[in-house]
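**Q**
Residue numbers (my numbering): 1 to 397.
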């Protein structure tokens with residue numbers, strides 16, 4: 001009998017963004033269990049076994065894994081899943097996970113900003129607030145961004161233009177933080193991009209760059225394109241910065257995904273993560289390059305031989321847009337006028353199901369192929385203008 005058919009993997013997380021990871025595991029013939037406290041989420045439908053636990057409680061996840069005889073534990077595309085899985089890996093000795101100390105540096109804005117300052121990593125200048133510590137922003141230039149240290153998708157982020165706005169912004173950030181820790185940083189004028197680097201033996205063995213845009217909610221990416229418009233100078237500079245981060249932290253094999261700002265040839269690192277980015281980010285790269293992003297993540301996590309061989313060279317021109325709304329609504333349908341003959345839609349909501357305003361909810365994710373780089377770069381930053389959302393309350397442009 002093929003031994004790998006008997007091996008068991010636990011997927012920590014169950015939402016739609018985790019489905020590519022689940023199928024990458026399935027192709028290896030593993031027995032797959034899924035944990036997550038939302039029985040309606042799609043990964044449960046494909047699991048050999050489901051555990052409806054709240055994995056945000058690391059001790060609940062630890063108890064499950066201690067009793068589950070799993071060969072592999074696989075975090076999905078959110079920080080809570082990643083941190084809980086890393087906690088369990090450290091307790092039980094699962095390989096290819098960073099220490100909790102390292103994971104906390106990467107996944108907590110406050111700790112990451114301290115790390116960038118200590119090692120002269122280019123990043124926005126910042127101060128940190130913890131508990132009732134005094135607000136000391138005199139060394140920073142306005143405007144400022146006030147952020148929860150441990151949230152994602154832009155939740156709780158406020159841009160402030162003077163000190164009179166700070167108190168309200170800090171209160172909003174604390175409402176969106178589990179730890180009530182705040183980062184206040186200088187607002188940088190520049191374009192937003194991401195860098196996905198696959199590392200093996202503390203070397204970057206494959207990477208991709210993507211252009212990103214926040215067009216509905218100001219601090220949540222909803223549009224992107226690949227290939228990126230970035231110059232080779234900026235790519236090389238970003239790659240060198242992240243290679244240094246990998247060495248400084250002694251990172252284990254796997255993915256490190258980074259958001260950064262660029263202006264001219266300058267680069268500022270905004271944040272990093274060792275988990276997969278959400279909203280089917282990898283599918284944009286898959287369709288542009290002809291690779292399997294999720295499979296590459298699993299390859300490194302399981303300790304398999306790594307090889308990335310894009311089928312499309314040069315890449316195809318693809319854009320991605322997450323359809324959201326700036327007001328709560330009950331969607332009926334949507335239509336688009338994107339100038340592309342190849343538009344692919346991943347539907348996330350059914351007709352009549354209420355949708356919260358961004359950044360809390362989304363209707364669908366679409367991908368569009370373009371014939372030229374110029375067309376891609378013209379449409380991708382303005383995807384939302386090509387979408388019409390029809391709702392039970394009346395049309396929203």
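Where a beta carbon is used, it is the ideal one built from N, C-alpha and C, also for glycine.
Would you grab the beta carbon distance between residue 194 and residue 212 for me? Rounded to a whole angstrom, and I think it's under 8 angstroms.
**A** Numbered from its first residue, the chain shown carries residue 194 at position 194. Numbered from its first residue, the chain shown carries residue 212 at position 212. At roughly 6 angstroms, the Cβ-Cβ gap stays under 8 angstroms, so residue 194 and residue 212 are in contact.
**Q** Since residue 100 is in the beta strand (DSSP E), which residue starts that stretch and which ends it?
**A** Along the chain shown, read from residue 1 onward, the residue named residue 100 stands at position 100. Note, residue 100: premise wrong, no beta strand (DSSP E); alpha helix (DSSP H) at 100–107.
**Q** Using a threshold of 8 angstroms, state whether the C-beta atoms of residue 359 and residue 268 are closer than that.
**A** Taking the first residue of the chain shown as position 1, residue 359 is located at position 359. Taking the first residue of the chain shown as position 1, residue 268 is located at position 268. No; because the gap between Cβ atoms is not below 8 angstroms, this pair is not in contact.
**Q** Using the Cα positions of residue 179 and residue 105, report the straight-line distance between them to the nearest angstrom.
**A** Translated into the one-based positions of the chain shown, residue 179 becomes position 179. Translated into the one-based positions of the chain shown, residue 105 becomes position 105. The straight-line gap from Cα to Cα measures roughly 15 angstroms.
**Q** Residue 21 and residue 74 look like a contact to me (Cβ under 8 angstroms); what is the Cβ gap, rounded to whole Å?
**A** What you label residue 21 is simply residue 21 of the chain shown in a count that begins at 1. What you label residue 74 is simply residue 74 of the chain shown in a count that begins at 1. With a Cβ gap of about 6 angstroms, residue 21 and residue 74 count as contacting.
**Q** Could you name the residues of the same chain whose beta carbon sits closer than 7 angstroms to that of residue 144, not counting the 5 residues immediately before and after it, in chain order?
**A** Here residue 144 is taken as the residue at index 144 of the chain shown, counted from 1. Within the same chain, residue 144 has close Cβ partners 137, 160, 184, 185, 186, 187.
**Q** Is it buried or exposed for residue 72, if we count other Cβ within 10 angstroms and need 16 for buried?
**A** Walking along the chain shown from the start, residue 72 turns up at place 72. With 16 or more Cβ atoms within 10 Å of its Cβ, residue 72 is classed as buried.
**Q** Where does the unbroken beta strand (DSSP E) through residue 8 begin, and where does it stop?
**A** Walking along the chain shown from the start, residue 8 turns up at place 8. Start and end: 8–12.
**Q** Would you mind stating whether residue 205 and residue 226 have Cβ atoms separated by less than 8 angstroms?
**A** As a first step, residue 205 is located in the chain shown; it is residue number 205 there, counting from the start. As a first step, residue 226 is located in the chain shown; it is residue number 226 there, counting from the start. Cβ atoms of residue 205 and residue 226: not closer than 8 angstroms.
**Q** How do the stretch 50–69 and the stretch 104–121 stand: do at least 3 beta-carbon pairs fall below 8 angstroms, yes or no?
**A** No, because fewer than three Cβ pairs between the stretch 50–69 and the stretch 104–121 fall closer than 8 angstroms, the two stretches do not touch.
**Q** Entirely within the stretch 243–319 and at least 3 residues each: give me those beta strand (DSSP E) ranges in chain order.
**A** Here the runs fully enclosed are 254–263, 266–273.
**Q** Nearest-angstrom Cα distance between residue 319 and residue 223?
**A** Looking up residue 319 in the chain shown gives position 319. Looking up residue 223 in the chain shown gives position 223. One C-alpha to the other measures close to 7 angstroms.
**Q** Mapping DSSP to helix, strand and coil, what is residue 157?
**A** Numbered from its first residue, the chain shown carries residue 157 at position 157. Coil, per DSSP.
**Q** Between the Cα of residue 326 and those of 377, 303, 215, 386, spot the shortest distance and give me the residue it belongs to.
**A** Residue 326 sits at position 326 when you count from the first residue of the chain shown. The residue with the shortest Cα to Cα distance from residue 326 is 215.
**Q** For residue 88 and residue 58, what's the separation of their Cα atoms in angstroms?
**A** As a position in the chain shown, residue 88 is number 88, starting the count at 1. As a position in the chain shown, residue 58 is number 58, starting the count at 1. Straight-line Cα distance between these residues: approximately 7 angstroms.
**Q** Starting from residue 67, trace the alpha helix (DSSP H) both ways and give me its first and last residue.
**A** Counted from its first residue, the chain shown places residue 67 at position 67. Unbroken alpha helix (DSSP H) run through residue 67: 58–68.
**Q** Which residue wins for smallest C-alpha separation from residue 398, given the options 64, 254, 246?
**A** Any question about residue 398 goes unanswered here, given that the chain covers just 1 to 397.
**Q** Whole alpha helix (DSSP H) runs in the stretch 144–203 with 4 or more residues, listed along the chain?
**A** DSSP runs (the alpha helix (DSSP H)) wholly in the stretch 144–203: 166–175.
**Q** Let me confirm a value: residue 277 is counted as buried when at least 16 other C-beta atoms fall within 10 Å, else exposed. Which label applies?
**A** By 1-based counting over the chain shown, the position of residue 277 is 277. The residue is buried, with at least 16 neighbouring Cβ atoms inside 10 Å.
**Q** In the DSSP assignment, what residue or residues form a beta bridge with residue 321?
**A** Locating residue 321 in the chain shown gives position 321, where the first residue counts as 1. 223, 366, per the DSSP bridge assignment.
**Q** Thinking C-beta only, is residue 220 closer than 8 angstroms to residue 264?
**A** If you number the chain shown from 1, residue 264 lands on position 264. If you number the chain shown from 1, residue 220 lands on position 220. Contact: no.
**Q** Strictly by DSSP, which residues pair up with residue 327?
**A** By 1-based counting over the chain shown, the position of residue 327 is 327. DSSP lists no partner for residue 327.
**Q** Starting from residue 346, follow the alpha helix (DSSP H) in both directions and report where the run begins and ends.
**A** To locate residue 346, count along the chain shown from 1; it is residue 346. Element bounds for residue 346: not the alpha helix (DSSP H) but the beta strand (DSSP E), 342–347.
**Q** Pull up the distance between the alpha-carbon of residue 300 and that of residue 274, whole angstroms please.
**A** The residue labelled residue 300 in the question sits at position 300 within the chain shown. The residue labelled residue 274 in the question sits at position 274 within the chain shown. So the alpha carbons of these two residues sit roughly 12 angstroms apart.
**Q** Less than 8 angstroms between the C-beta atoms of residue 24 and residue 298, yes or no?
**A** The residue labelled residue 24 in the question sits at position 24 within the chain shown. The residue labelled residue 298 in the question sits at position 298 within the chain shown. A contact, by the Cβ cut-off of 8 angstroms.
**Q** Starting from residue 82, follow the beta strand (DSSP E) in both directions and report where the run begins and ends.
**A** In the chain shown, the residue the question calls residue 82 occupies position 82. Premise fails: residue 82 lies in the alpha helix (DSSP H), 79–92, not in any beta strand (DSSP E).
**Q** Pull up the DSSP beta-bridge partners for residue 376, would you.
**A** Locating residue 376 in the chain shown gives position 376, counting from the first residue. None, per the DSSP bridge assignment.
**Q** Examine the Cβ distances between the stretch 327–334 and the stretch 343–356 and report whether three or more of them are shorter than 8 angstroms.
**A** Yes, the stretch 327–334 touches the stretch 343–356.
**Q** If I follow the unbroken alpha helix (DSSP H) through residue 20, where does it start and stop?
**A** Translated into positions along the chain shown, residue 20 becomes position 20. Its alpha helix (DSSP H) spans residues 19–26.
**Q** If you reduce the DSSP assignment to three classes, tell me which class residue 75 lands in.
**A** The sequence position of residue 75 within the chain shown is 75, counting from 1. Here residue 75 sits in strand by DSSP.
**Q** Does the count of Cβ pairs from the stretch 29–48 and the stretch 9–17 closer than 8 angstroms reach three?
**A** Flag = yes, the stretch 29–48 and the stretch 9–17 touch.
**Q** In whole angstroms, give me the CA-to-CA distance for residue 70 and residue 347.
**A** The sequence position of residue 70 within the chain shown is 70, counting from 1. The sequence position of residue 347 within the chain shown is 347, counting from 1. Looking at the two C-alpha atoms, the distance is approximately 32 angstroms.
**Q** So what does DSSP say about residue 351, is it helix, strand or coil?
**A** In the chain shown, counting from the first residue as 1, residue 351 sits at position 351. If DSSP states are grouped into helix, strand and coil, residue 351 belongs with coil.
**Q** Quick check: residue 98 and residue 86, are their CB atoms within less than 8 angstroms of each other?
**A** Position 98 of the chain shown, counting from 1, holds the residue named residue 98. Position 86 of the chain shown, counting from 1, holds the residue named residue 86. Cβ atoms of residue 98 and residue 86: closer than 8 angstroms.
**Q** Are the beta-carbon atoms of residue 364 and residue 342 separated by less than 8 angstroms?
**A** Taking the chain shown and counting its residues from 1, the one referred to as residue 364 is at position 364. Taking the chain shown and counting its residues from 1, the one referred to as residue 342 is at position 342. No, these two residues do not count as a Cβ contact at 8 angstroms.
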